[in-house]
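Shown next, in structure tokens, is the structure this report addresses.
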Amino acid sequence: MSAHGTPIPMTAYPSGPLKGEAHVPGDKSISHRSLILGAMAVGETHITGLLEGQDVIDTGRAMRAFGAEVTDHGGGVWTVQGVGVGGFSEPDNVIDCGNSGTGVRLIMGAMATSPITATFTGDASLNKRPMARVTDPLALFGTQAFGRSGGRLPMTILGARDPLPVRYTVPVPSAQVKSAVLLAGLNAPGETVVIEQEATRDHSERMLAGFGAEISTEVTEEGRVITLQGQPELKPQTIIVPRDPSSAAFPVCAALVVEGSDVLVPNIGLNPTRAGLFTTLQEMGADLTFENLREEGGEPVADLRARFSPDMKGIEVPPERAASMIDEYPVLSVVAAFASGDTVMRGVKELRVKESDRIDAMATGLRANAVTVKDGEDWWVVTGNGPGSVAGGETVQSHLDHRIAMSFLILGMAAQKPVSVDDGGPIATSFPIFEPLMTSLGARIERTGPDLNSTAR
Numbered sequence: 001m002s003a004h005g006t007p008i009p010m011t012a013y014p015s016g017p018l019k020g021e022a023h024v025p026g027d028k029s030i031s032h033r034s035l036i037l038g039a040m041a042v043g044e045t046h047i048t049g050l051l052e053g054q055d056v057i058d059t060g061r062a063m064r065a066f067g068a069e070v071t072d073h074g075g076g077v078w079t080v081q082g083v084g085v086g087g088f089s090e091p092d093n094v095i096d097c098g099n100s101g102t103g104v105r106l107i108m109g110a111m112a113t114s115p116i117t118a119t120f121t122g123d124a125s126l127n128k129r130p131m132a133r134v135t136d137p138l139a140l141f142g143t144q145a146f147g148r149s150g151g152r153l154p155m156t157i158l159g160a161r162d163p164l165p166v167r168y169t170v171p172v173p174s175a176q177v178k179s180a181v182l183l184a185g186l187n188a189p190g191e192t193v194v195i196e197q198e199a200t201r202d203h204s205e206r207m208l209a210g211f212g213a214e215i216s217t218e219v220t221e222e223g224r225v226i227t228l229q230g231q232p233e234l235k236p237q238t239i240i241v242p243r244d245p246s247s248a249a250f251p252v253c254a255a256l257v258v259e260g261s262d263v264l265v266p267n268i269g270l271n272p273t274r275a276g277l278f279t280t281l282q283e284m285g286a287d288l289t290f291e292n293l294r295e296e297g298g299e300p301v302a303d304l305r306a307r308f309s310p311d312m313k314g315i316e317v318p319p320e321r322a323a324s325m326i327d328e329y330p331v332l333s334v335v336a337a338f339a340s341g342d343t344v345m346r347g348v349k350e351l352r353v354k355e356s357d358r359i360d361a362m363a364t365g366l367r368a369n370a371v372t373v374k375d376g377e378d379w380w381v382v383t384g385n386g387p388g389s390v391a392g393g394e395t396v397q398s399h400l401d402h403r404i405a406m407s408f409l410i411l412g413m414a415a416q417k418p419v420s421v422d423d424g425g426p427i428a429t430s431f432p433i434f435e436p437l438m439t440s441l442g443a444r445i446e447r448t449g450p451d452l453n454s455t456a457r
């Protein structure tokens, strides 16, 4: 079943060349943070290019529930009239975060040090995901959490009445955990310190500084040490959201594996903590180039051009790169199926606690379509036999996971026979225009059920 309604089976058929420009939606990570930090600032934050997928819309609704005035002006233009750090009011109803692990974990952090109570829930997928990785460090501030066994939603959070600043070392690389602790630290006195041993996406640090927080980062023997001074007055901002590199991955990878393709994906954010996939593809021999390199809003941006790449080779992806491409491993495994040799992916156990167990979901679906896959708890290997080598012809489960659904639809565009997913509805959570965008490039995707875009609002 899809995240917000009746299942939407979808099938991708073998495609002719993909051609044209792919204007993908705004960056999801930055969109979430724009709404949350806008709500915690004093005054009006103006946002253009906001991703209007269900995940981000649910975060906007949550900010309204906490007292901020959030307005959709159409065309990706939104404004947020903030209530200031510590200004959240207690919501009247349960906060439904739908499918979004990022949304719920960051919102928990943002309200954790205010003396209010809020109850969170989500869809069937989100309610299976572990929340203790966030609620454990939030407890150090004095926050209390009461959820289902295993630290799962639905969950009630009692914000700390007299929060204490904390010093916390993130046990596994997680931008969500880091960001939740930093957001909680905004309303705690003194300095909150977060230490990460492997760098994760740094949008929170960049955006906190942009909103006027006193935040610094230094590399020491302990790792990457981020220090935040609590109780600032955040200043409203004008934000232009760059286009999402995780969404760009799908038309880029499709172009690499569909014969004769040449696709330009403009205005993609290339924050170095997010661009690991593109580095990996180039190392595999992909015809992928960066055009019009520039900087917008403190973030590096470029236009990506991807062309069919018949000579790609399998490689061993460095484990230390995992944090910069964790969401892109599913679609990378599709590219690997059309490369020659083994693509080895290690240090990826985080994939097992995403919207689904992404290693198991991709390994099972790829094997069903006659691709050789080996996997373990923290690694997997895809063996490819070059262009045109994937048989296809099977239906796979998306497990309520948007990235699993899109990855297998890309597989179907380059396989010998069509590939189907049992439910493409969750795609709307992050990439509501996926189907029309890919169709405009020349892909053939068919489905049954209600209109996919209607699930995005």
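Numbering (the UniProt record's numbering), first residue to last: 1 to 457.
Even glycine gets a Cβ: it sits at the ideal position worked out from N, Cα and C.
Keep in mind that this is a model prediction, so the values were computed, not measured.
Could you please give me the residues that DSSP links to residue i through a beta bridge?
i	result
residue 196	170, 224
residue 290	304
residue 264	21, 305
residue 374	381
residue 218	225
residue 81	44, 69
residue 146	156
residue 411	BP columns for residue 411 are empty, so no partner.
residue 74	77
How many Å lie between residue i and residue j at the Cα?
i	j	result
residue 431	residue 423	15 Å
residue 146	residue 220	36 Å
residue 451	residue 216	Because residue 451 carries a pLDDT of 45, less than 50, the predicted location of this residue cannot be relied on, and the following value inherits that uncertainty. Approximately 46 Å between the Cα atoms of the pair.
residue 254	residue 30	25 Å
residue 41	residue 83	6 Å
residue 5	residue 428	11 Å
residue 388	residue 100	35 Å
residue 123	residue 400	9 Å
residue 304	residue 184	36 Å
residue 228	residue 354	28 Å
residue 367	residue 441	28 Å
residue 176	residue 45	23 Å
residue 348	residue 172	11 Å
residue 151	residue 20	46 Å
What's the call for residue i, buried or exposed, on a 16-neighbour Cβ count within 10 Å?
i	result
residue 467	Outside the displayed range of the chain (1 to 457) lies residue 467, so it cannot be described from this structure.
residue 94	exposed
residue 374	exposed
residue 311	exposed
residue 77	exposed
residue 200	buried
residue 214	exposed
Measuring alpha carbon to alpha carbon, tell me which of the options ends up nearest residue i.
i	options	result
residue 458	58, 16, 425	In the structure as shown, the chain begins at 1 and stops at 457. Residue 458 is therefore absent and cannot be evaluated.
residue 236	62, 79, 425	79
residue 260	12, 63, 228, 443	443
residue 436	6, 365, 12	12
residue 58	24, 102, 305	102
residue 69	75, 61, 81	81
residue 66	188, 141, 344, 35	35
residue 403	369, 387, 104, 331	331
residue 52	316, 45, 60	60
residue 376	387, 123, 344	344
residue 438	327, 23, 111	23
residue 168	140, 349, 264	140
residue 50	39, 64, 19, 33	33
residue 138	130, 14, 110, 154	110
If residue i and residue j are in contact, beta carbons under 8 Å, what's the gap, nearest whole angstrom?
i	j	result
residue 409	residue 445	6 Å
residue 242	residue 268	7 Å
residue 118	residue 143	That belief does not hold up - the Cβ atoms of residue 118 and residue 143 are roughly 11 Å apart, past 8 Å.
residue 398	residue 382	About 19 Å separates the two Cβ atoms, so there is no contact after all.
residue 385	residue 415	Rounded, the Cβ-Cβ distance is 12 Å, inconsistent with contact.
residue 208	residue 192	Going by Cβ atoms, the distance from residue 208 to residue 192 rounds to 11 Å, so no, they are not a contact pair.
Do we get a CB-CB distance below 8 Å when we pair residue i with the residues of chain C?
i	result
residue 218	The structure shown contains no chain C; it is built from a single protein chain.
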